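S.K.:
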Amino acid sequence: MDIVELQAGLDETKPDNGLPKGIFPFVTLLGIRHQIAIAGLAILSFACGTAPLEIQRRIVNDTVEGASLSYLISLVLIYLAVTFAEGLAKLLLNLYRTWLAEAAIRWLRELFLVKAAAMAGKDTSPSLAGVELSIVLSEAEPVGGIAATIVAEPLLQGGILVAVTGYMIFLQPLMTLVVALTFFPQATFVPVIQRMINRLVETRITLMRSVSEGLVETFDSANVLHEQKARTFAVFSTNMGIYRLKFMMNFLMNYMTQLGYAGIFLLGGYYVLTGRTEMGTVVAFVSGLSKITDPWGELVDWYRDLKVTQVKYELIRGVAGPIDPGTLRRARPRLFGKREKPRPSARLKA
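The sequence shown begins at 13 in our numbering and counts up one residue at a time.
So, in structure tokens, the structure goes:
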């Protein structure tokens, strides 16, 4: 799909058509097959990411019990092979979903570039022009980027959480309960803080659109400049409010994680001293908690980005207006096949 095809689609718009209602239908518009392929790579990645825990436990325990050097070397080689497969799967996953995100961002930007070109020479308000400028420069990026993570991220990180937690329950249920208790409070305060962040994000977008509107206006008086300075200060204050909430959330999450480590050291040490478990089990739990902490943080970030992007998408959708169904169908990027190159700008003006 190139910019001339997009122009043709916009010339044939129907009044009741527009961007899909909701971020999930928008991602579906980009192609279910891409999401299925990304999901497959995510499953392969978390499957390979769980096996090293058991290998680590066996290396520690077998070393303590006096295993042969050749046996330990074989375990280490298996460990290296599994971690290499995990890294390769993540590499392919990251490349694929980054490509999909950039394709979605490109389509959104071209959509508004063509709309702006179609309105050239017509009597358009600075307000509309400023909003479209804001979308092309900044707002399209997070909305297009969610196409890369909306399926892969919860599947990958959730899969790691389920697999590692199941393995830890198998090893020592009571120690797993201690670890789980550190995550329950996070499930309570994270959504509350996120709702506060969402309100500030919506305010920031509105302010930035006002700044963009001011840029396309003529600075014919000191009042216009004064208003722009007031808007930029309001953006600064809003951003600082968002950062305060985000960093407070991160602080609380990190501290809860440290409580989990303290519980493992205390209960695990007691079990080792009383002969109720092996040192390798404690090592596996420490490693397992680190493997849980990272995907849990990624899931929280995904949830946070999703909620923020839903707000941004609805604001973009309100500006997009009617779009030809054929233009929407051409939003689906192709991974293989003929590469599309931009046409000369003269074709667009004609």
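Quick reminder that beta carbons are idealized off the backbone N, C-alpha and C, glycines included. Keep in mind it's a predicted model, so treat the numbers as computed, not measured.
Which of the three DSSP states is assigned to I162 in this structure?
M.R.: DSSP places I162 in coil when its eight states are reduced to three.
S.K.: Nearest-angstrom Cα distance between A3 and V94?
M.R.: This structure leaves residue 3 out entirely; the chain is present only between 13 and 362.
S.K.: CA-CA distance, F245 and L112?
M.R.: Computed Cα separation, rounded: 35 Å.
S.K.: Considering only residues of the same chain and omitting the five flanking positions on each side of T321, which have a CB-CB separation below 7 Å?
M.R.: Cβ neighbours of T321 beyond the five flanking positions: I35, P154, V155, I158.
S.K.: When the Cα of S57 is compared with those of E66, L168, T110, which residue comes out closest?
M.R.: Measuring from the Cα of S57, the nearest candidate turns out to be L168.
S.K.: Go to L42, then tell me how far its alpha helix (DSSP H) extends in each direction, as first and last residue.
M.R.: Here L42 belongs to no alpha helix (DSSP H), and DSSP marks it neither H nor E.
S.K.: CB G272 to CB L301, shorter than 7 Å?
M.R.: Their beta carbons are under 7 Å apart, which means G272 touches L301 by this criterion.
S.K.: Please classify G33: does DSSP put it in a helix, a strand, or coil?
M.R.: The residue asked about is misnamed: residue 33 is Lys in this sequence, not Gly. Of the three classes helix, strand and coil, the one that applies to K33 here is coil, per DSSP.
S.K.: Distance check for L53 and M187, CA to CA, integer angstroms please.
M.R.: The straight-line gap from Cα to Cα measures roughly 31 Å.
S.K.: To test your reading of the DSSP string, which unbroken alpha helix (DSSP H) runs of 4 or more residues are found completely within the segment 214 to 285?
M.R.: Here the runs fully enclosed are 234 to 285.
S.K.: List in chain order: all unbroken beta strand (DSSP E) runs of 3+ residues lying wholly within the segment 39 to 122.
M.R.: DSSP runs (the beta strand (DSSP E)) wholly in the segment 39 to 122: none.
S.K.: Taking the alpha-carbon positions, what's the R355 to L318 distance?
M.R.: At R355, the pLDDT of 46 sits below 50, so the modelled position is not reliable and the matter cannot be decided from this model.
S.K.: For K127, count neighbouring Cβ atoms within 10 angstroms of its own Cβ and tell me buried if that reaches 16, exposed if not.
M.R.: Classification of K127: buried, given that the 10 Å Cβ count is 16 or more.
S.K.: Compute the Euclidean distance between the alpha carbons of T161 and W314, then round it to the nearest angstrom.
M.R.: Straight-line Cα distance between these residues: approximately 8 Å.
S.K.: Between which two residues does the alpha helix (DSSP H) harbouring P185 extend?
M.R.: Its alpha helix (DSSP H) spans residues 185 to 193.
S.K.: Check each candidate in L42, T177, E165 and name the one with the smallest Cα separation from L105.
M.R.: The residue with the shortest Cα to Cα distance from L105 is E165.
S.K.: How many Å lie between L327 and I217 at the Cα?
M.R.: The alpha-carbon atoms of L327 and I217 are separated by roughly 9 Å.
S.K.: Tell me, to the nearest whole angstrom, how far the beta carbon of A76 is from that of M291; I am working on the premise that it is less than 8 Å.
M.R.: According to the sequence as given, residue 76 is Val; it is not Ala. Yes, V76 and M291 are in contact; Cβ-Cβ is about 7 Å, under 8 Å.
S.K.: Just the Cα atoms here: how many angstroms apart are G78 and F277?
M.R.: C-alpha separation (whole angstroms): 25 Å.
S.K.: Exposed or buried, S249, counting other C-beta atoms within 10 Å across all chains shown (16 or more means buried)?
M.R.: S249 is exposed by the Cβ-count criterion.
S.K.: Cα separation between A296 and Y282?
M.R.: Distance between the alpha carbons of A296 and Y282: 16 Å.
S.K.: As a quick exercise: from V163, I71, V191, pick the residue whose alpha carbon is nearest that of Y108.
M.R.: Of V163, I71, V191, the residue nearest in Cα terms is V163.
S.K.: With DSSP collapsed to three states, give me the class of N210.
M.R.: Residue state, collapsed to three classes: helix.
S.K.: Judging by CA-CA distance, which residue of I67, S80, A59, R118 is the nearest neighbour of G99?
M.R.: Of the listed residues, the one whose Cα sits closest to G99 is A59.
S.K.: So what does DSSP say about R329, is it helix, strand or coil?
M.R.: R329 falls in the helix class under three-state DSSP.
S.K.: Quick one: grab the DSSP three-state call for R316.
M.R.: Residue state, collapsed to three classes: helix.
S.K.: If you compare alpha carbons, which of P203, E114, W119 is closest to L31?
M.R.: Closest option to L31, Cα to Cα, is W119.
S.K.: With DSSP collapsed to three states, give me the class of P203.
M.R.: The answer is helix: DSSP assigns P203 an H, G or I state.
S.K.: How big is the Cα-Cα spacing for L219 and Y255?
M.R.: If I take the Cα positions, the gap works out to 17 Å.
S.K.: So what does DSSP say about G287, is it helix, strand or coil?
M.R.: Three-state result, G287: coil.
S.K.: My output table needs one value for P197: the three-state DSSP class, helix, strand or coil.
M.R.: In the structure shown, P197 sits in coil (DSSP, three-state: anything other than H, G, I, E or B).
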